[in-house]
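For the sequence shown, full-length UniProt numbering gives the first residue as 1, with consecutive numbering after it. Even glycine gets a Cβ: it sits at the ideal position worked out from N, Cα and C. First comes the structure, then the notes that go with it.
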Amino acid sequence: MPRTGYHLVDPSPWPIMVSAGVMNEAASFISFVHGGSYTMLNFLCATWLLLSSFYSWLMDIITEATYLGCHTSIVARGLKIGFTLFLISEAFFFVGFFWAWFSSGIGNLSSGCLWPPRPIIPVYPWGAPLFNTAILLASGAAVTWAHRAVAIHDREEAMIPLGLCVLAGVVFLRFQFGEYSAASFTIADSAYGSCFYMLTGLHGSHVLGGTLFLAAMLVRNYFCHFIRPHRHMGVVFAVWYWHFVDVIWLIVFVWAYVWPYKNWIGDKLL
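See the structure below:
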């Protein structure tokens, strides 16, 4: 550790390997959309590369933070700034897809057409989507509970809300998958289908990432990684990320579920 208080990391292969995994997953998705061969095999290989590299990278970070004491107060401040910028970049990622959604929807309505276009039947928002909204809002309260328990070093109490949050993420994804299976349209059905599945699928991937993040914090809490004062930055970031997922879902629920359904009901009544 240099005297400046900053942590100079050792050379690591994991960043480039994680980037390669993400790139291959994106290429596999594009190949899938265009009906390419060996798409599933390529996707599974890319997923294995991504997860194994990310796990190894995470273990290195945990070792540096928990056992080597490399994360000083200066490093922690830099990590907070970096994670804040990461969340801002993720927000703009969603802005791009919402822009496409509103551009297509408002453009259709302003020209006298329908949104969703016929004969698409939108997803009923007051069933599984509303239940998922309640699940995420409840998990948002639970993750705040977990943060407070970790902050006062109550390891046993923190296990309960962290476990509930992981369970909530799994339940959300299960209902999302069921919703996709029952939907009357696909990603290939006009701009509506493409934008809907990209928006909800992108959010679902963030729920999956947040669930894995919280599961990792659950395991770390079990092994007493957060008993030292001011050594729970991982939990802080997991809480921030989960609240970010909650806020994005509320926007998705209102504009990707309720708005099209109200338009569809209004058209049927005319």
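Inter-residue spacing [alpha-carbon to alpha-carbon] between residue i and residue j
{"i": "MET1", "j": "SER52", "result": "Note that MET1 scores a pLDDT of 48, beneath 50, so its modelled location is shaky; the value from the coordinates is reported in the next line. Roughly 28 Å between the two C-alpha positions."}
{"i": "MET40", "j": "SER28", "result": "8 Å"}
{"i": "ARG155", "j": "CYS165", "result": "16 Å"}
{"i": "HIS34", "j": "ASN24", "result": "15 Å"}
{"i": "ALA188", "j": "ILE61", "result": "41 Å"}
{"i": "ILE81", "j": "PRO116", "result": "40 Å"}
{"i": "SER37", "j": "TRP48", "result": "19 Å"}
{"i": "TYR261", "j": "PRO13", "result": "48 Å"}
{"i": "PRO125", "j": "TRP259", "result": "9 Å"}
{"i": "ILE265", "j": "CYS113", "result": "15 Å"}
{"i": "HIS71", "j": "TYR180", "result": "43 Å"}
{"i": "TYR197", "j": "TYR67", "result": "43 Å"}
{"i": "PHE177", "j": "VAL171", "result": "10 Å"}
{"i": "ALA256", "j": "LEU130", "result": "12 Å"}
{"i": "LEU87", "j": "VAL236", "result": "13 Å"}
{"i": "PHE223", "j": "MET159", "result": "11 Å"}
{"i": "ARG228", "j": "HIS147", "result": "14 Å"}
{"i": "MET17", "j": "LEU44", "result": "15 Å"}
{"i": "ASN263", "j": "PHE93", "result": "26 Å"}
{"i": "LEU167", "j": "THR133", "result": "15 Å"}
{"i": "PHE244", "j": "ALA128", "result": "21 Å"}
Option in the options with minimal Cα separation from residue i
{"i": "VAL9", "options": "LEU50, THR47, VAL75", "result": "VAL75"}
{"i": "GLY204", "options": "ILE227, GLY169, THR186", "result": "GLY169"}
{"i": "ILE251", "options": "ALA142, LEU44, LEU136, LEU162", "result": "LEU136"}
{"i": "PHE226", "options": "ALA20, TYR180, ALA65, ALA138", "result": "ALA65"}
{"i": "SER139", "options": "VAL207, PHE223, ILE265, CYS45", "result": "VAL207"}
{"i": "PHE83", "options": "MET159, GLY21, ALA238", "result": "ALA238"}
{"i": "GLY78", "options": "ALA91, TYR6, LEU68", "result": "TYR6"}
{"i": "SER19", "options": "CYS224, PHE54, MET233, ILE30", "result": "PHE54"}
{"i": "ALA26", "options": "HIS232, PRO15, ALA46", "result": "ALA46"}
{"i": "SER104", "options": "ALA142, ALA128, CYS195, ALA183", "result": "CYS195"}
{"i": "TRP99", "options": "LEU199, GLY210, TYR241", "result": "LEU199"}
Cβ separation of residue i and residue j, assumed to be a contact under 8 Å, to the nearest whole Å
{"i": "ALA216", "j": "LEU50", "result": "Not really, about 15 Å apart at Cβ, beyond 8 Å."}
{"i": "LEU162", "j": "LEU214", "result": "6 Å"}
{"i": "TYR192", "j": "ILE120", "result": "6 Å"}
{"i": "TRP249", "j": "VAL143", "result": "14 Å between Cβ atoms; not a contact."}
Chain B within 9 Å of residue i, Cβ atoms only
{"i": "ILE120", "result": "The displayed structure is made up of one protein chain only, and chain B is not part of it."}
Just to confirm the assignment: which complete alpha helix (DSSP H) runs, minimum length 4, are found wholly within the segment 169 to 236? 190 to 222
Which ranges does the alpha helix (DSSP H) cover as unbroken runs of at least 4 residues, wholly within the segment 119 to 175, from first to last along the chain? 128 to 151
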